[in-house]
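Numbering (this note's numbering), first residue to last: 13 to 219. Ideal Cβ positions, reconstructed from N, Cα and C, are used throughout, including at glycine. Remember, it's a predicted structure, so these values are computed and weren't measured experimentally. Below is one structure, written out as structure tokens, with a few remarks after it.
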């Protein structure tokens with residue numbers, strides 16, 4: 013029931029922005045003087061990125077380990093810039109977020125290292141004016157979606173009750189994890205489908 017929704021909790025990549033990981037990988041490969049395939053295997057296929065997402069390694073160790081795995085002493089600025097190149101704000105989604113702010117609380121929960129939240133103003137500057145300080149990465153909770161604990165810890169930090177939270181993510185597994193944690197959840201596939209879902213909950217009336 014809409015009147016019971018007090019908070020809408022958003023994923024970032026492929027929800028609030030278009031995320032082109034290929035661009036990020038290509039920039040990293042260029043810096044390291046190697047192939048995109050090598051970088052992708054070293055970071056993503058190896059499971060190293062998940063260590064960062066889940067907070068198993070802190071930001072400093074993550075950055076150092078990242079460089080070791082791609083064979084290049086990657087600086088923080090280079091890591092942030094490669095990440096920035098892969099992200100393009102979805103202005104239509106952000107417009108909806110702006111409308112939602114008038115009736116419910118809003119926040120972000122993204123599977124990422126704390127480097128993303130620490131540098132979000134450079135990565136995606138459109139977010140801060142909308143979300144303020146309510147931008148959370150999974151790493152700070154030392155777990156990651158779709159583990160139900162990740163959502164519960166975030167919701168607790170936000171001083172909300174799970175049953176009053178609508179979570180929005182592009183990955184079906186993450187949506188399922190949110191529901192396991194007691195949240196309402198929407199599998200994001202398009203802006204129009206999201207508008208329709210919000211209308212079904214009674215949000216964005218008259219829009």
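DSSP places residue 111 within a helical segment (H, G or I) once states are collapsed to three.
Within the stretch 57-108, the beta strand (DSSP E) runs of at least 3 residues that lie entirely inside it are, in chain order, 99-101. Distance from the CA atom of residue 82 to the CA atom of residue 47, rounded to whole angstroms, is 10 Å.
Residue environment analysis places residue 61 among the buried positions, since at least 16 neighbouring C-beta atoms fall within 10 angstroms of its C-beta.
Measuring C-alpha to C-alpha distances from residue 149 to each of 129, 142, 196 identifies 129 as the nearest.
In the three-state DSSP reduction, residue 54 falls in the helix class (H, G or I). Residue range 196-199 is occupied by the beta strand (DSSP E) that includes residue 196.
As the crow flies, the alpha-carbon of residue 58 is around 39 Å from that of residue 18. Judged by DSSP in its simplified three-state form, residue 17 adopts coil rather than helix or strand. Nearest C-alpha to residue 187 among 55, 162, 135, 69: 162.
Per DSSP, reduced to three states, the secondary structure at residue 210 is helical. Remark: C-beta atoms of residue 116 and residue 21 do not approach each other more closely than 8 Å. Residue 54 and residue 126 have their C-alpha atoms roughly 20 Å apart.
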